[in-house]
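In our numbering, the protein residues as written are 720 to 858.
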């Protein structure tokens, strides 16, 4: 009775997948603002939100920007991420898995995502291939 799950599977249309993050956050805001609760919001995987936005943008005929992402990447991500906050009624704390395309931390999706996060733990494939677990990159 204290858990809500919202799914957007990859076999669903991109418009539906794009709305999943907003739907989950609206529910979290309800519990925070109307119920006075502190909420833990788990997002697996925020890159899927970006990917769905890119697909929707393509369907709308928008010209892609850097590396093929939608030209509205920064504003779409900000519209979601900036709603994750504390108010006098309660707090929303988020833990997000972030897929980094080709392990490139300079990819626009990664750059815009990490700009909104307070802290991050990076798991490195190289450390995992060396048998070091958990493969946390200390730098």
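Each residue gets a CB set at the ideal place from its N, CA and C atoms; glycine is no exception.
{"Query": "Can you give me the C-alpha to C-alpha distance between residue 827 and residue 793, rounded to a whole angstrom?", "Result": "9 angstroms"}
{"Query": "In whole angstroms, what is the alpha-carbon distance linking residue 747 and residue 837?", "Result": "19 angstroms"}
{"Query": "Between residue 786 and residue 737, is the Cβ-Cβ spacing less than 8 angstroms?", "Result": "no"}
{"Query": "Can you tell me whether residue 749 is buried or exposed? The criterion is at least 16 other CB atoms within 10 Å of its CB, across all chains shown.", "Result": "exposed"}
{"Query": "Quick check on residue 830: does DSSP put it in helix, strand or coil?", "Result": "helix"}
{"Query": "Give the range of the beta strand (DSSP E) segment to which residue 809 is assigned.", "Result": "809 to 816"}
{"Query": "Between which two residues does the beta strand (DSSP E) containing residue 752 stretch?", "Result": "Counting along the chain, residue 752 falls outside any beta strand (DSSP E), though it belongs to the alpha helix (DSSP H) covering 733 to 752."}
{"Query": "Start and end of the beta strand (DSSP E) containing residue 758?", "Result": "758 to 763"}
{"Query": "In chain order, what residues of the same chain lie with their CB nearer than 6 angstroms to the CB of residue 800, ignoring the 5 residues before and after it?", "Result": "835"}
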